[in-house]
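Here it is in structure tokens:
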């Protein structure tokens, strides 16, 4: 058996969304005027966000879908000067630790339902994220919340960017190839809106315009 058969898929998103236009308006408040010279940051950011091809995004920072950025501003305050970089790494990681397990759980429950398998059948758990880290992590939270076996093999693929889930699938395939009885759950969870970057770096502004929050889980075995 050299293949990997997908038994079930599941996805999950935060409850609330913000339109791309409203997000662009908020993003302009995170750029210090001293960094832009005579350029109009709001107009340039709106144009870039329109060209991103994104209509709306889900975020764990929102408390409604009213396009009111006030909720996000409680986490990302108005820029205070050219040296302001927004919340520190500890603040962002604390919010990840609080929010990521719940979204990962919903995605994995949906995948298990799609695969029609019980928690006891899962032998390997792989988690993937490049937007947060905590210890104990999302993997232990899933084991406890789903009631997985205490003997489940767990692996985390961290900080590998957009191709992290592909590497996770390679790990899942390897586990399945090594043990034909293995049932592997792979959960990728990203909370990119926690990492909105202040400043006037073009690459960071592009990244700010594209990514959001969500989770996806695949369950498979050797085929």
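Numbering (the working numbering), first residue to last: 1 to 223.
From the three backbone atoms N, C-alpha and C, an ideal C-beta is built for every residue, glycine too.
Check the DSSP bridge columns for residue 214 and list the partner residues they point to.
Residue 214 sits at position 214 when you count from the first residue of the chain shown. Per DSSP, 190.
Pull up the distance between the alpha-carbon of residue 54 and that of residue 45, whole angstroms please.
Numbered from its first residue, the chain shown carries residue 54 at position 54. Numbered from its first residue, the chain shown carries residue 45 at position 45. In a straight line, the C-alpha of residue 54 is about 14 Å away from that of residue 45.
Return the bridge partner residues of residue 122 from the DSSP annotation.
For the purposes of this step, residue 122 is taken as the residue at position 122 of the chain shown. DSSP, once it has assigned bridges, lists no residue as partnering residue 122.
Run through DSSP, which three-state label would residue 219 get?
For the purposes of this step, residue 219 is taken as the residue at position 219 of the chain shown. Here residue 219 sits in strand by DSSP.
Measure the CB-CB distance between residue 60 and residue 99 and report whether it falls below 8 Å.
Working through the chain shown from its first residue, we reach residue 60 at position 60. Working through the chain shown from its first residue, we reach residue 99 at position 99. Cβ distance < 8 Å, so residue 60 and residue 99 count as in contact.
Quick check on the DSSP output: the alpha helix (DSSP H) that includes residue 173 runs from which residue to which?
Here residue 173 is taken as the residue at index 173 of the chain shown, counted from 1. It spans 164–178 - the alpha helix (DSSP H) in which residue 173 sits, taken as one unbroken run.
What beta strand (DSSP E) runs, 3 residues minimum, are completely inside the segment 13–66?
Whole beta strand (DSSP E) segments, 3+ residues: 17–19, 56–58.
What are the boundary residues of the beta strand (DSSP E) that residue 154 is part of?
Taking the chain shown and counting its residues from 1, the one referred to as residue 154 is at position 154. Where residue 154 is concerned, the enclosing beta strand (DSSP E) stretches over 153–158.
Beta carbon of residue 210, beta carbon of residue 27: below 8 Å?
Mapped onto the chain shown, residue 210 falls at position 210. Mapped onto the chain shown, residue 27 falls at position 27. Cβ distance not < 8 Å, so residue 210 and residue 27 don't count as in contact.
Going by DSSP, what residue range makes up the alpha helix (DSSP H) through residue 92?
Residue numbering aside, residue 92 sits at position 92 when the chain shown is read from its first letter. Where residue 92 is concerned, the enclosing alpha helix (DSSP H) stretches over 89–115.
Cβ-heavy atom distance between residue 18 and the ligand ATP below 7 Å?
This structure simply doesn't include the ligand ATP, nor any ligand for that matter.
Mind checking who residue 76 pairs with in its DSSP beta bridge?
Counting from 1 along the chain shown, the entry for residue 76 is found at position 76. DSSP lists no partner for residue 76.
Is the beta carbon of residue 182 less than 8 Å from the beta carbon of residue 188?
Against the chain shown, residue 182 aligns to sequence position 182. Against the chain shown, residue 188 aligns to sequence position 188. No, Cβ-Cβ distance for residue 182 and residue 188 is not below 8 Å.
Measuring only the C-alpha atoms, how far is residue 58 from residue 109?
For the purposes of this step, residue 58 is identified with residue 58 of the chain shown, where counting begins at 1. For the purposes of this step, residue 109 is identified with residue 109 of the chain shown, where counting begins at 1. Cα-Cα distance, rounded: 20 Å.
Could you tell me which residues DSSP pairs with residue 10 in its beta bridges?
Taking the first residue of the chain shown as 1, we reach residue 10 at position 10. Looking at the DSSP assignment, residue 10 forms a beta bridge with 217.
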